[in-house]
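Numbering-wise (my numbering), the sequence shown opens with residue 8 and increments by one.
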Amino acid sequence: MLLVSTFIIYKSIVCVAAFAVALGVAAYSTWIERKFSAVLQDRKGPNRAGPFGLLQPLADGVKMFMKEEIIPNVSNKFLFILGPSLAMLTACMTGAIIPWGKDFVAADGTAYALQVTDINIGFLYLFGVVSIGVYGIMIGGWASNNKYSLLGAIRASSQMISYEIAMGLSIIALIMTTGSLSFREILNQQDAGLCNFCYQPLGFLIFFICALAETNRAPFDLPECETELVGGYHTEYSSMKLGFYLFAEYINMFVSSAVLAGVYFGGYNFPFAKEFYETCGIAEGSALMSLIGFLVYFMKVIGFILLFMWIRWTLPRFRYDQLMDLGWKKLIPLSILNIVVTGIVMGWKDIVALFN
């Protein structure tokens, strides 16, 4: 009974910590993006709220809470509230399978994982939750009873469904090489030797482009397209309902960066890690090893977030026909070709091994 209670308390702490980290990164991603874009555009960015503008996310949060709550009379009020709630919920759920570091072992021999849950079908869970996320946008756009919002929601649904296909196919080639759907097992396989990017560079490129489209980041921000749709699917939203949509976008960017860094670049593993731990006298299963792994993983995630931002402030927005052509006519055929080439290489290796 005591072990069960300890396990429940520990998992609750991990859930709260993961949620807090996701919210914190999402909040300060807005500050990083403003500073990053300011550097690219030769200006200062936020610098009034606190030193270097570090309190700007808190000021934005207070502003969102203090804004007037407006629900249009012609909207479907229940669905109008459900839309941003569903978008935020699915964004937070996707981070449940991400292992943030190696397990650490307590003095009594109990192993604690820096992961909310480890399921052996982690990628099926990930794609299942991501596919639900489109409902939050679609419901919000339709419930607003606004033609611009509806157009943005239709764009979002068709865009996300189209790019989910290529994203799923790109992961199939990786699953073929790793032989697992478990997120943690794929990370652990990169503990020694080369990371998966070296074996699946095309798969990584396809997954990365699809992640940009799934998070509605520029140049794939057609659902929000201010020049055409005023603000897209969240045109009618204000206060924290608008804040939920904006937070969900940044949380999705954070989770996408974590998946890319973990699946293709080793996550908490890094080159010569075993030699480093042995030289420093850091024991396997120690809290220090888990902390170092977490920091390495987090730095990789920050690198991908900066790459997302760099692309947003560099490339112009696609036309919608270009967006769909890229998804259906280029990325899907390329991902199928990647699967075929991966199968041929794996088959050739098996034949060579058989005769040797």
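Glycine included, every Cβ here is placed at the ideal spot set by N, Cα and C.
| Check | Outcome |
| --- | --- |
| Straight-line Cα distance separating M183 from W369 | With the chain running from 8 to 363 in the structure shown, residue 369 is simply not present. |
| F190 versus A199 - alpha carbon distance | 17 angstroms |
| Close-in-space but distant-in-sequence residues of the same chain around S164 (CB under 6 angstroms, 5 per side omitted) | V141, M145 |
| Cα-Cα separation between I161 and Y119, rounded to whole angstroms | 44 angstroms |
| Alpha helix (DSSP H) runs wholly inside the segment 138 to 186, at least 4 long, in chain order | 154 to 185 |
| Run of the alpha helix (DSSP H) containing Y284, from where it starts to where it stops | 280 to 287 |
| Identity of the residue in Y240, Y257, M247, P58 nearest E75 by Cα | M247 |
| Limits of the alpha helix (DSSP H) - the one that D67 falls within | 63 to 73 |
| Proximity below 7 angstroms, CB of L267 to CB of F311 | yes |
| Coarse secondary structure for F111, derived from DSSP in three states | strand |
| F254 and A33 closer than 7 angstroms at C-beta | yes |
| Residue of K84, F215, R224 minimising C-alpha distance to G174 | Inspection of the sequence shows that residue 174 is occupied by Met rather than by Gly. Considering only alpha carbons, the answer is F215. |
| Coil, strand or helix - Y252 by DSSP | helix |
| Of the listed residues L158, A150, Y17, nearest to T117 (C-alpha basis) | Y17 |
| Sequence-distant residues of its chain with Cβ nearer than 6 angstroms to R41 (five each side left out) | G52, P53 |
| DSSP three-state assignment for A120, whether helix, strand or coil | coil |
| Residue from C217, P91, M296 with nearest C-alpha to V112 | M296 |
| CB contact flag (F325, P230, <7 angstroms) | no |
| Presumed contact (8 angstroms Cβ cut-off) between F87 and I77, rounded CB distance | With 8 angstroms as the limit, F87 and I77 do not qualify as a contact, their Cβ atoms being about 10 angstroms apart. |
| Alpha carbon of I139 to alpha carbon of G129, nearest angstrom | 16 angstroms |
| Residue environment, T286, which counts as buried when at least 16 other CB atoms sit within 10 Å | exposed |
| Coil, strand or helix - D228 by DSSP | coil |
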